[in-house]
Every structure is written in C-alpha cells, then in structure tokens.
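Quick note on numbering that gives the first Met the number 0: the sequence shown kicks off at 0 and runs consecutively. The beta-carbon is built from N, C-alpha and C at its ideal position, and this holds for glycine as well. All values reported here derive from a predicted model rather than from experimental measurement. Scroll down for the structure; my scribbles are underneath it.
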Amino acid sequence: MNLATIDIVIILLYIVAIVGIGFWISKKASKNIQSYFLGDNNIKWYWLGFSNSSGMFDVSGTAFYVALLFVYGFKAAWLPWLWPIWNQIFVMVFLAIWIRRSNAMTGADWIIKRFGDDKGGRLAHMIVVVFAIISVIGFIGYVYVGIGKFASNLLPWDLSNAVLTNAQTYALIIVALTTFYTVKGGMYSVVATEVLQYGILVVSCLLVVAYAVRDIDYGVLQSNLPSGWASFWPEWKLNVDWNSRFPQATQKIAEDGFTWFGALLMMMIAKGIFASLAGPVPGFDMQRILSAKKPREAAMLTGFTNLVLYIPLFMMVSALTLVGIQYLMPVLQNQQKPDFEIVLSKVVSDYLPSGIRGIVLAGLLASFMSTFSAFVNAAPAYLVNDFYKKYFRPDEPPAHYVKWSYVTSISIILVGCVFGLFAESLSSLTIWITSALYGGYAAANVLKWIWWRFNGYGYFAGMLAGLLSATFVPKLMQWLANNYIPECKELFASSIGTLISFFLILFLSMAGSVIGCLLTPAPNQKVLESFYANTRPWGWWTPVLKLVQKTDPGFQPNRQFKWDMLNVLVGICWQMSMVIMPIFFVFGFFRNGFIAMGVWITCMAILKFTWYDRLKITAA
0 MNLATIDIVI
10 ILLYIVAIVG
20 IGFWISKKAS
30 KNIQSYFLGD
40 NNIKWYWLGF
50 SNSSGMFDVS
60 GTAFYVALLF
70 VYGFKAAWLP
80 WLWPIWNQIF
90 VMVFLAIWIR
100 RSNAMTGADW
110 IIKRFGDDKG
120 GRLAHMIVVV
130 FAIISVIGFI
140 GYVYVGIGKF
150 ASNLLPWDLS
160 NAVLTNAQTY
170 ALIIVALTTF
180 YTVKGGMYSV
190 VATEVLQYGI
200 LVVSCLLVVA
210 YAVRDIDYGV
220 LQSNLPSGWA
230 SFWPEWKLNV
240 DWNSRFPQAT
250 QKIAEDGFTW
260 FGALLMMMIA
270 KGIFASLAGP
280 VPGFDMQRIL
290 SAKKPREAAM
300 LTGFTNLVLY
310 IPLFMMVSAL
320 TLVGIQYLMP
330 VLQNQQKPDF
340 EIVLSKVVSD
350 YLPSGIRGIV
360 LAGLLASFMS
370 TFSAFVNAAP
380 AYLVNDFYKK
390 YFRPDEPPAH
400 YVKWSYVTSI
410 SIILVGCVFG
420 LFAESLSSLT
430 IWITSALYGG
440 YAAANVLKWI
450 WWRFNGYGYF
460 AGMLAGLLSA
470 TFVPKLMQWL
480 ANNYIPECKE
490 LFASSIGTLI
500 SFFLILFLSM
510 AGSVIGCLLT
520 PAPNQKVLES
530 FYANTRPWGW
540 WTPVLKLVQK
550 TDPGFQPNRQ
560 FKWDMLNVLV
570 GICWQMSMVI
580 MPIFFVFGFF
590 RNGFIAMGVW
600 ITCMAILKFT
610 WYDRLKITAA
C-alpha cells in the first residue's frame, strides 16, 4: 500500500504526541511503587474508565469481530459471549466493590488478604503470581505477532533484514516505542496516553462510518445479503445461507463449529456464569479497579467502561464490515480458502481514502499501544511487589522498587517478544491461555468469594489441578478423536470443542479445590473475620458472620444478592443493546436500531435506580 503524505504525517504526529505525553507525565510515577502501579489511587474514576475501555479496544479483537460479522451476520453479536464480554457487568455490579475494599496493590496481594500469610496463603499467592506472569508473557508474544502482521500489510516500507522479517521488524519498532513511555511513566503515563488514544479511536470510528454509509442504497445492500444474515435472535441452528453465493463462508461456519448455534449459546452462558463470578484475571482490568480512590468509584469506572466502549467499537466493526461486503466480497469469492480475518486490513489499505486512512491507521495503532501498555504496566507489579519485595528485599527505599519495576517490565517484554518469534507454537499457547487455562482459573476463584471454609491449600490445589488439566485435557480430546471417535475430530477442534474442554477442566479444578480444602485445616479465624468484615461478600459465610457479630453486634451481612442478580440481568441486556444497536443503524435496519436504543435507554433508567443510586449504601 502506498500511503499518501497526509497519512504519513498523521501517523508520525500521533507517535510523537503519545511518546511525548508519556515522558512528560512520567515524573509523577517515580515516587514509589504505589504511584508507579496504582497512580497513588488519585486518578479520577472516569479517566480510569476511558483508559480501561481503550485497553480493551485492540487491533486483533477488532479484526476478529469484523470477520465474525462478515460471515455470521447479526448473530455475530452473540459470539463475544465466548469470553464472555459480560463479565464486565458482574464486575460493575458487585465484584469491583469487593476487590477495591481490600486496598491491595495486585490480584496476588489480594489473595494474601483473603487466605492469610501462612503456608497455605503463600502457596495460593505464588500460584497467582505464576498465572499472571504466564498470561502476560503469552499475551505480549501474541500481540507482537499481531501488530507486526498488521503493520507489514498496511505500511509501505520494507524493513526486512538478515535477522528479522518485515513483520517482526515493524513489531519490534512499535513495541519499543510503546515500551519507552509505559516503563518510564507507569500508571500515570498509561492512563494519560490511553485517554488520548481513546479520543483518536472515537474520531476514527466516526470517519469510517461516515465514509461507509455515504450515498449507500440500503435497499440494494439488504437485498444482496444472504438469507438469515440479518436475523439477530438466536435459533437452534445458525441458518445463515451462504451456499448459493459464497460456499467458502459456509465451510468457515462448519469449521468453526457454529452451525448448532443454540447448543453453542447455552454452553457459552454456562461458561460465562463461572468465568464472570471468578472475577477479572490478574491483569490491567484488575489494576484499574485497585487504582480507584474508593470502592464506589471502582464500580463506577467499570460501568463507565461498558458505556464508552461498545458503541464506538461496534460502529467501527460495522462500518469496516459494510465496506468489505460492498467492495471486497468479489475478491474473496475468487479465493478457494479466504482468510476472513484480513478483511479489516484489506478494507483500510485498499478502500479508505487518504486522510481518513491515516487517522484510522493511527486509531488502530492506538488500540494496540493502549492494550499493550496496559498489560505491561500490570505484569511487573506481580514480580516486584508480590515476589521480589515480599520474599527477598522487603525494606528497601521506594526508589529501589521503582528501578526494579523498570528492569522487570523490560525483561517481561523481551521474553514475550522472543515467544513472538515462534508464531506457530505461540498460536497454540495463546489458545491454551485464553480457553483451557482460564477454565482452570475459574473454579478456585469462584469459591474464594462465596465459601468461608475455602482455604489457601484448596486454592493452590484447585489452580494447580486447573493448570495441569489445561495441559493434558485438550491433548487427550484430540487423541481420542484421532484414534477412537474420528467423527468428532472437527467438533473437538472447533469452538464447541474449546467449550467442552473448559467444562472438563473446570470440573477437575473444582474437584482439586474441594479435596485440597477439606483435607487441610480450616482458614485462620482472624484472617477470615478481617476479610469478611472488610469485603462483605454474599455466599456461605454464616459461621464467620457470627464471629464478626460477637465483636461488632451491629454488623450486618450482605443482603444484596437478589439486587445484584437483577442488576446483572438488566446490565447484560444493556450491554447487548450497545453491541447490536450500532450494527443495526450502520446496515440501515433503522426500526431495529431504534428498538435497541429503546432497550438501551430503558436499561440505563432501571440501573440508575437499582444500581447507581444504591452505590452509596452498597459500596460504603
């Protein structure tokens, strides 16, 4: 692609602005690790919300959503539930409050406050540190490959050399630029730059939508869509008929395992409940919550993240998909096995005009840099605060830990980039982390909230069982399919196979958690009392409640379970309306778009009274 001068100028101005802001604000982060990792708990909740949403708006995810919408139509709005995206609703409604009440610095530090600092608590603490570091290294390696491929497909210069490919060289340059301001400035720089990046992303979204819908004949567009493509409500079978015009898309649906859509959706819901109750995994989302001034603001920033993320994200996804269907479809139809995940890069490189292309490229580059910087800021906290300081050098001056935070950040980035050089093995590692490994994370992290008897040994046993089963269960399923049930080979390799793996791993991890807990002593009574009185979760806490009430007769348990579940249901509807509403409008289904808008406004009105107004009480 030959970039126009205006596009190059826009991209360079963006890079100079981001790096400059990062360095300019970095002095605030140099006092101590509290300022470096949490911004002194002095950053406004709405800035943290913008930062959090910017970190979730990544290049790879946008490309993936474009591919889903292109192939699956409006039912693609349900497919992000595979993660699930509505875990943010659970965090908004009650988990953010529980997490922030701990006054911890990291997710691993929170584990000590839950289980204590005895042998069991330290085992639990260490396995969370291991999980956090493995996850972040795998993620850095993944985005190293992703941004390299994206940049090499879109930028015109050939930077290949005897050591690195063109994509690897681009990735190294972009990672280095992001590393400079992230490592130097910590949380302050990350949040400041991410707010600017969010603004660029929103401008990019609006420009892409304006270009996509210019002079469009919606009647012609909608008549050319395949049967079932514009149907939003889930059915037992997917029923999107590409056979007559694009059989390669039908093959893609079969390979993904999404034909039996109803079964997939039920499994996604079941997975989502466990994954959401477990709370955020150790990473940037957890760091934003712990950075909030108060529990109430932690809940508000998560709600604000939902509000400002999904509408602009899916505006861009819809507009890029619309351009792809209009102009790129004939090209893909002539390919035997088209790669739908390059729709985004092909639309940007071949069909957007100069100027708009430069801003969109800057926006997509911003989405990578914000996600990368968020993870880089989160990861070293686990090694510096939860490992080095806790076990080796607990009494050093603040500047010492900040210096080691720099060293640790750079080291983790280098290790992640080395993994990124091995793209094939990285792909399997990434699938393992995002599906199987998270299945091993869910069981122990649900029990830690709701069951008083659950101890550090049980947490360690459950997480270890999850890590081990995440290693062998997918391989076992593949072996069984290859040797005994070959008719299930494609099924086990699909998304349904991934969900089946999740539930098997969840069961084994749950068994390890319960057995490890019941074979070891009950948690320390004082630790339990302190945690319960401070965090005030609902669940099976009656014995601890009685102990707390002996010391404080006026103490009242958390009776918000019914309110929380109501707000979760309303919140999921609210979030879903923000996903589908821009898709309806961009594709010209205005009646459906206004219905979705009505649901969105109604849900916000309900949440105003049932969640927001009650935060003064529930988050006190």
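- Where I600 is concerned, the enclosing alpha helix (DSSP H) starts and stops at F589 to L606.
- If you draw a straight line from the Cα of Q250 to the Cα of G140, it is about 30 Å long.
- The Cβ-Cβ distance between A318 and V472 does not fall below 8 Å.
- About 40 Å separates the beta carbon of G323 from that of F93, a gap too long to meet the 8 Å contact definition.
- Per DSSP, the unbroken alpha helix (DSSP H) holding M265 starts and ends at F260 to L276.
- The residue from L546, P520, T519 and W539 with its alpha-carbon nearest to that of S529 is L546.
- P279 is classed as buried because its beta carbon has at least 16 other beta carbons within 10 Å across all chains shown.
- When secondary structure is reduced to three states using DSSP, D6 falls in the helix class.
- Taken in chain order, the complete alpha helix (DSSP H) segments of 4 residues or longer contained in the region 48–95 are 58–71 and 86–89.
- As the crow flies, the alpha-carbon of M462 is around 43 Å from that of P246.
- The shortest C-alpha to C-alpha distance from W85 to any of R295, V58, Y309 and I199 is the one to Y309.
- C-alpha of L276 to C-alpha of N444: approximately 8 Å in a straight line.
- Inter-residue distance for G48 and M91 is about 11 Å (C-alpha atoms, whole angstroms).
- If you ignore the 5 residues before and after M328, its C-beta comes within less than 8 Å of the C-beta of F245, all in its own chain and listed in chain order.
- For R113, the uninterrupted alpha helix (DSSP H) run begins and ends at G106 to F114, by DSSP.
- Taking a contact to require three or more Cβ pairs closer than 8 Å, the region 498–505 and the region 549–569 do not qualify as touching.
- The three-state reading of DSSP puts W450 in strand, counting E and B together.
- Here the C-alpha atom of G357 lies approximately 9 Å from the C-alpha atom of T4.
- Here the alpha carbon of L518 sits roughly 12 Å from the alpha carbon of A510.
- Under a 10 Å Cβ-count criterion, P542 is classified as exposed, with fewer than 16 other Cβ atoms of the shown protein chains found around its own Cβ.
- Take the alpha-carbon of L163 and the one of W156: they are about 14 Å apart.
- Short of 7 Å from the beta carbon of M314, and not among the five residues preceding or following it, lie these beta carbons of its own chain, in chain order: C204, V208, P581 and V585.
- In this structure, the beta-carbon distance from S151 to A175 does not fall below 8 Å.
- The beta carbons of A298 and L614 sit closer together than 8 Å.
- Under DSSP, S226 forms a beta bridge with D240.
- For N305, the enclosing alpha helix (DSSP H) starts and ends at P294 to V322.
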